[in-house]
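Novice:
Numbering (our numbering), first residue to last: 688 to 1696.
Below you can see the structure in the form of structure tokens.
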């Protein structure tokens, strides 16, 4: 018996090995063809055997072949079509027809004062989904828009907590004297996008051309961003908690030479250098090696975010409530920011004719910094040599550099606190008296209350360690407080009528809007606080008490209308007009009218296009329109400013309040007008798996609002005038690919933008030169302006035979080009140099505005895993740098490691940079020149996010409807040609006095119940 057992076991094992083969032999070989409603085969359709990993995809002609059990079920899926689930039922041939997913055709886009079907759009509108924003662990929502829409430029210059937002620009710069800011609307009302929690955003529409934006008239000349927040939905109550915890660090910091290496180049006396070298390390209170940058950037930059939301409702009422907290600590001590956000949205359907919605949004933020300018703190850390003391061994503050000690300042100088409170409410009432007509009343009050408290503490630094002599900083101490309150009312009435009959569809929108804004500021200060831990105004000396105050207001009254028409859903037309009256202009120039028209042709719906295989969509668009700009620094620019109390008189021992006119008035100023022409093509291929949009535009601005110079002996500040024109031309392109194969879904989106800016008229007063920038006819706004470097002086003979430059020249100094500035034959064209380097030899050296930008967004998901990767870059931008950022030994400052390697020396005569020698204001080598203009183009790994979602079985056991854990990184890698330690987002003209851009690493969870 025991000898038969192994034989039996071997038989069972052999049968088990044969079982899969036997089962496979019982499978059917199923084949067939997958077609569309037009009868054409569809390639690339995913076919899986339900419940298994087995599957295939259709061939180019739509045919397929798959092995499956006779009782199995096949799942047919393809992007843009409705999935089909087909039981085999012992059939060996199965042909199916996939139906188009009409949801894609029904997708709506938020536009001015309403929505439109995406397929019927004729204007230039880009849509950004809320999840693209929420997956980025940024504090300021504006930052998250970077690289997500062609034509939209986000300019971020700082990583400082509370100040790391981005300036938004759409299709270049459209103004010189008025604002270039984009109009941001949140749920239809103007607002600051950074006051909205990124997690509360449903979608964002970027309106780029006049056709899309002109319904907003005077506020839309620089483009419009329309933010739609999340709303509640009917169904069971849903609770959602999201968070992320992160740390951040600068993407780059300069590395400087240590004390002993620094002394080799410092120019100090040899006796001092020898003494320092000999005694270094013997007494840390007499001989130090301070790494000021390391001492300053000591914190881990911990950041946290928490959001709790509840939503749900019935067919009659839907609500969503969301509250969040964000805390952001800087990499420098005492740089902090925290914010509380709240959003409450409710929609109520009273009956078939009435519905009401309430939208409440509040924000409370506190930004706390040391009470010293940031540029001073970072600039000092970048400049003070390592042989100066930050702190002594007994904890006393070192004197730094003649009392400049940035480490002491961030710890003991006192704080400047910015408290900001914001509330906005929106009430909308919709009434439909008859079919197809909807009337809407909207009222939105907005209240802002900003409070700034700044206290300068007195503290002491040790001047001489041996004598213990000390220096008092901020003596006397002081406190200042400022309160700014603002209130805005926005009221509009809308009437919208839509009708379809046969092959005709049209809609008419008409409305009016009233905006009123008032603000008031009050400030007070005192000095000599005996108790520095009790910084309140009444604790200071009355002898130095000061106060001030001011107020302003403005208003805008508008009428507007829009007409849309579609014939056979193929021929599309839209017209807009808006009439604006602004209080910022005199009565005779107060009103302006801004029209626009656009048309579209859905070419792919034409009968003669139906036989083109692979083409899913083809639409041609064109638009023209005008927009206005009245966003000025003054609410009453057409009248002269009269200053009261600044020039008082004394009569008979009594002070009489005096009044002084400070500037000229110009009652003739009028609207700055922007005219935009746009041509575009939208195309989709392979059932819209591949889609692309290409647009070309011309954006002209006339009657530029400018402050033109006047003679100094006039005694007044110049007034604003309408003088000049400029033009932007550009190209926007985007391409999307998306596909699903079984459990694997992936997508890619690439964007590209280019813009060329040109000033075409300056009313005969140009060029306008402002320091190291120039604006002149035929060139872009604000080009970098300076001397063209021809090389480096290699000998004294070369210096002697060259035109005179700046100061006493030595071998190794920069050599500037003597430009042709003398007209010898009187033809108006300079043809000879004058033999001396002076301001007349300056030329345009580069453009600091990004003129080429691009981005790549990659997404993928497989079962419970998801991945998103975003690259963003700038292809063309120049930046001028100076000061401690790139000049070694500037104003007796220190030296970076790269400067030693790349600056001129007798052993490195082909260097790009001049000799390492002490420089100061007026020195030859620190003039604005092409040597200090750098290529700021870059490619950045902007964001990576990877997540895991718990499967349904686990969620059911835990009583959850969703659980996702994720890791995310921001600004992880960069590729650029700037010197080490400098981020390519550095602002033009930076000299080492900025808070560096930061990288961020976070972990988070997203839980739903």
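For each residue, glycine too, the CB sits at the ideal point set by N, CA and C.
What ranges does the beta strand (DSSP E) occupy inside the region 810-897, keeping only unbroken runs of at least 3 residues that lie completely in it?
Specialist: Qualifying beta strand (DSSP E) stretches, in chain order: 812-816, 839-842, 854-857, 870-873, 888-894.
Novice: What number of angstroms, rounded off, separates the C-alpha of residue 1582 from the C-alpha of residue 979?
Specialist: If you number the chain shown from 1, residue 1582 lands on position 895. If you number the chain shown from 1, residue 979 lands on position 292. Cα-Cα distance, rounded: 12 Å.
Novice: Does DSSP put residue 1573 in a helix, a strand or coil?
Specialist: Translated into positions along the chain shown, residue 1573 becomes position 886. Coil, per DSSP.
Novice: Within its chain, find whatever has a CB closer than 6 Å to the CB of residue 711; leave out the 5 residues flanking it on each side and keep chain order.
Specialist: Within the chain shown, the letter at position 24 stands for residue 711. With a pLDDT of only 45 at residue 711, under the threshold of 50, the placement of this residue in the model should not be trusted, and no figure is reported.
Novice: Rounded to a whole number of angstroms, what is the C-alpha to C-alpha distance between residue 1603 and residue 799?
Specialist: Numbered from its first residue, the chain shown carries residue 1603 at position 916. Numbered from its first residue, the chain shown carries residue 799 at position 112. So the alpha carbons of these two residues sit roughly 58 Å apart.
Novice: Identify every residue that forms a DSSP beta bridge with residue 1171.
Specialist: Taking the chain shown and counting its residues from 1, the one referred to as residue 1171 is at position 484. In DSSP, residue 1171 forms a bridge with 1137, 1208.
Novice: Which of helix, strand or coil does DSSP assign to residue 727?
Specialist: One-based indexing of the chain shown puts residue 727 at position 40. Correct three-state label for residue 727: coil.
Novice: So for residue 1586, helix, strand or coil by DSSP?
Specialist: Counting from one through the chain shown, the residue named residue 1586 turns up at place 899. If DSSP states are grouped into helix, strand and coil, residue 1586 belongs with the helices.
Novice: Are the beta-carbon atoms belonging to residue 1322 and residue 1241 less than 7 Å from one another?
Specialist: By one-based count along the chain shown, residue 1322 stands at place 635. By one-based count along the chain shown, residue 1241 stands at place 554. In contact: residue 1322 and residue 1241 (Cβ atoms closer than 7 Å).
Novice: How is residue 707 classed by DSSP in three states: helix, strand or coil?
Specialist: Numbered from its first residue, the chain shown carries residue 707 at position 20. Annotation note: pLDDT 43 at residue 707 (below 50); position unreliable, no value reported.
Novice: Measure the C-alpha to C-alpha separation of residue 1083 and residue 1443 and round it to an integer number of angstroms.
Specialist: Here residue 1083 corresponds to residue number 396 of the chain shown, with the count starting at 1. Here residue 1443 corresponds to residue number 756 of the chain shown, with the count starting at 1. Computed Cα separation, rounded: 56 Å.
Novice: Within a Cβ cutoff of 6 Å, which residues of the same chain sit near residue 1378, ignoring the five residues on either side of it in sequence?
Specialist: Looking up residue 1378 in the chain shown gives position 691. Cβ neighbours of residue 1378 beyond the five flanking positions: 1371, 1423.
Novice: In or out: residue 1072 buried (at least 16 other Cβ within 10 Å) or exposed?
Specialist: Taking the chain shown and counting its residues from 1, one reaches residue 1072 at position 385. Classification of residue 1072: buried, given that the 10 Å Cβ count is 16 or more.
Novice: Would you mind listing the beta strand (DSSP E) stretches within the region 1518-1573 that are 3+ residues and don't spill past its ends, in chain order?
Specialist: The qualifying runs are 1530-1533, 1539-1549, 1552-1563, 1565-1567.
Novice: In the DSSP assignment, find the unbroken alpha helix (DSSP H) run with residue 990 in it and report its ends.
Specialist: Locating residue 990 in the chain shown gives position 303, counting from the first residue. Segment 990-1000 is the beta strand (DSSP E) holding residue 990; no alpha helix (DSSP H) there.
Novice: Should residue 1080 go down as buried or exposed, given a rule of 16 or more other Cβ atoms within 10 Å for buried?
Specialist: Taking the chain shown and counting its residues from 1, the one referred to as residue 1080 is at position 393. Under this definition residue 1080 is an exposed residue.
Novice: Do the region 1525-1536 and the region 1454-1471 meet, that is, are 3 or more Cβ pairs less than 8 Å apart?
Specialist: Enough Cβ pairs lie closer than 8 Å, so yes.
Novice: Spatial neighbours of residue 708 within its chain, please: C-beta separation below 6 Å, excluding the five flanking residues on both sides.
Specialist: If you number the chain shown from 1, residue 708 lands on position 21. For residue 708, the predicted structure reports a pLDDT of 44, less than 50, and the residue's modelled location is therefore unreliable. A value from the coordinates is still provided. So the list is empty, once near-sequence residues are dropped.
Novice: Regarding residue 1376 and the ligand ADP, is the C-beta to nearest heavy atom distance less than 6 Å?
Specialist: In terms of ligand content, the structure shown is empty, and the ligand ADP therefore cannot be addressed.
Novice: Could you check which residue in 1262, 1654, 1569, 1492 has the C-alpha nearest to that of residue 1552?
Specialist: To locate residue 1552, count along the chain shown from 1; it is residue 865. Comparing Cα positions, the closest option is 1654.
Novice: If I measure Cβ to Cβ from residue 1092 and keep anything under 7 Å in the same chain, skipping five residues before and after, which residues do I get?
Specialist: The residue you call residue 1092 lines up with position 405 of the chain shown. Cβ neighbours of residue 1092 beyond the five flanking positions: 1077, 1084, 1085, 1086, 1148.
Novice: Please give the ranges of any beta strand (DSSP E) in the region 1368-1429, keeping only runs that are unbroken, at least 3 residues long and fully inside the region.
Specialist: If we require 3 residues or more, the beta strand (DSSP E) runs fully inside the region 1368-1429 come out as 1377-1389, 1392-1394, 1407-1409, 1412-1428.
Novice: To which residues does DSSP link residue 1325 through a beta bridge?
Specialist: As a first step, residue 1325 must be located in the chain shown, where it is residue number 638. Paired residues: none, contrary to the question.
Novice: For the beta strand (DSSP E) containing residue 1654, list its first residue and its last residue.
Specialist: Here residue 1654 is taken as the residue at index 967 of the chain shown, counted from 1. Residue 1654 -> beta strand (DSSP E) spans 1649-1663.
Novice: Which residue comes first and which comes last in the beta strand (DSSP E) that contains residue 1688?
Specialist: Indexing the chain shown from 1 puts residue 1688 at position 1001. Here the beta strand (DSSP E) through residue 1688 covers 1685-1695.
Novice: List the endpoints of the continuous beta strand (DSSP E) containing residue 958.
Specialist: The residue given as residue 958 occupies position 271 in the chain shown. Run containing residue 958: none in the beta strand (DSSP E); it sits in the alpha helix (DSSP H), 957-966.
Novice: Between which two residues does the alpha helix (DSSP H) containing residue 716 stretch?
Specialist: The sequence position of residue 716 within the chain shown is 29, counting from 1. Not the alpha helix (DSSP H): residue 716 falls in the beta strand (DSSP E), residues 715-722.
Novice: Answer yes or no: do residue 1635 and residue 1613 have a C-beta to C-beta separation smaller than 7 Å?
Specialist: On the chain shown, residue 1635 is found 948 positions in, with the first residue counted as 1. On the chain shown, residue 1613 is found 926 positions in, with the first residue counted as 1. Not closer than 7 Å, so no.
Novice: Can you tell which of 943, 1002, 1317 has the C-alpha that lies nearest to the C-alpha of residue 1588?
Specialist: Working through the chain shown from its first residue, we reach residue 1588 at position 901. Taking only the C-alpha atoms, the option nearest residue 1588 is 943.
Novice: Between the C-alpha atoms of residue 1699 and residue 1267, what's the straight-line distance to the nearest angstrom?
Specialist: One cannot answer for residue 1699 here, as it falls past the ends of the chain, which runs 688 to 1696.
Novice: How long is the line joining the alpha carbons of residue 1684 and residue 936, rounded to whole angstroms?
Specialist: Locating residue 1684 in the chain shown gives position 997, counting from the first residue. Locating residue 936 in the chain shown gives position 249, counting from the first residue. Residue 1684 and residue 936: Cα-Cα distance of roughly 8 Å.
Novice: Got a sec? Which residues, its chain only, sit under 6 Å from residue 1013 by beta carbon, not counting five neighbours each side?
Specialist: Taking the chain shown and counting its residues from 1, the one referred to as residue 1013 is at position 326. Taken in chain order, the residues that qualify are 826, 992, 1026.
Novice: Taking the Cβ atom as the reference point for each residue, do residue 732 and residue 755 lie within a distance shorter than 7 Å?
Specialist: Here residue 732 corresponds to residue number 45 of the chain shown, with the count starting at 1. Here residue 755 corresponds to residue number 68 of the chain shown, with the count starting at 1. Taking 7 Å as the Cβ cut-off, residue 732 and residue 755 do not qualify as a contacting pair.
Novice: Distance check for residue 1163 and residue 1145, CA to CA, integer angstroms please.
Specialist: By one-based count along the chain shown, residue 1145 stands at place 458. By one-based count along the chain shown, residue 1163 stands at place 476. So the two alpha carbons sit approximately 7 Å from each other.
Novice: Let me see if you follow: with CB-CB separation under 7 Å, is residue 1322 close to chain C or not?
Specialist: Of the protein chains in this structure there is only one, and it is not chain C.
Novice: With DSSP collapsed to three states, give me the class of residue 699.
Specialist: Sequence index remark: in the chain shown, residue 699 carries index 12 (1-based). Note that residue 699 has pLDDT 41, beneath the 50 cutoff, so the model's placement of it is unreliable and no number is given.
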